[in-house]
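Heads up: the structure comes next, in C-alpha cells.
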C-alpha cells in the first residue's frame, strides 16, 4: 500500500522512542550495516546521527549518499511476530557543517546528553538524512509505504 496521508502515530512513536537504528551504506564493492544512535526532526523529515570521521560508514557516505535505516521495537519475544513494528527509512545522507551542524546538534544532544563530548570532538561528523520514504511493517507482514515530498 502507498500512502500520502499524514504519517501515523505508530511511526512517530518508533522514531521518537527508539534510540538506535541500523544504518545500511554502500562501499566500493559491498553493502555495510552499522548500529547508530539517532535523533529525528519534529516533522519526521530528517534523521541525525554522529560518527567518527575515520569509520567505514563515513567513508562509504563519502562515496554514496543513498542510505537505508531500520528502526524497530522488538523485544526478542514470541509476541514480536504479531506486536513488533519496524520501519525502513530511505533517504540521502550529508555531513553537516557550520550553522546546520550547530542547529542539528541541539536536538541530538537533547536525546543524547551523554554524547556531548563525543559530538564536540573535531573527529566527529554529524550527518543529516533527508528522508524520502518510510516503509512501515506491522503485524509481521503488513507493509505501508509513505512518501515524503521534497522540501527543498
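In the numbering used here, the protein residues as written are 2 to 153.
A virtual CB, placed ideally from N, CA and C, is assigned to each residue, including glycine.
What you are looking at is a predicted structure, and each value in this text was computed from that prediction instead of being measured.
Within the same chain, Cβ atoms closer than 6 Å to the Cβ of residue 112 are found at 40, the five residues on either side in sequence being excluded. Apart from sequence neighbours up to five positions away, the residues of its chain that approach residue 136 with a beta-carbon distance below 7 Å are 88, 89, 144, 146, ordered along the chain. Out of 9, 18, 138, 33, the CA that lies nearest to the CA of residue 59 is found in 33. In this chain, the alpha helix (DSSP H) harbouring residue 83 covers 81-84. In terms of Cβ geometry, residue 22 and residue 68 do not form a close pair [threshold 7 Å]. Under the 8 Å Cβ criterion, the stretch 47-55 counts as touching the stretch 118-134, having at least three qualifying pairs.
A direct Cα-Cα distance of roughly 21 Å separates residue 62 from residue 151. For residue 65, DSSP records no beta bridge to any residue.
Shown here, residue 114 sits in a helix according to DSSP, grouped into three states.
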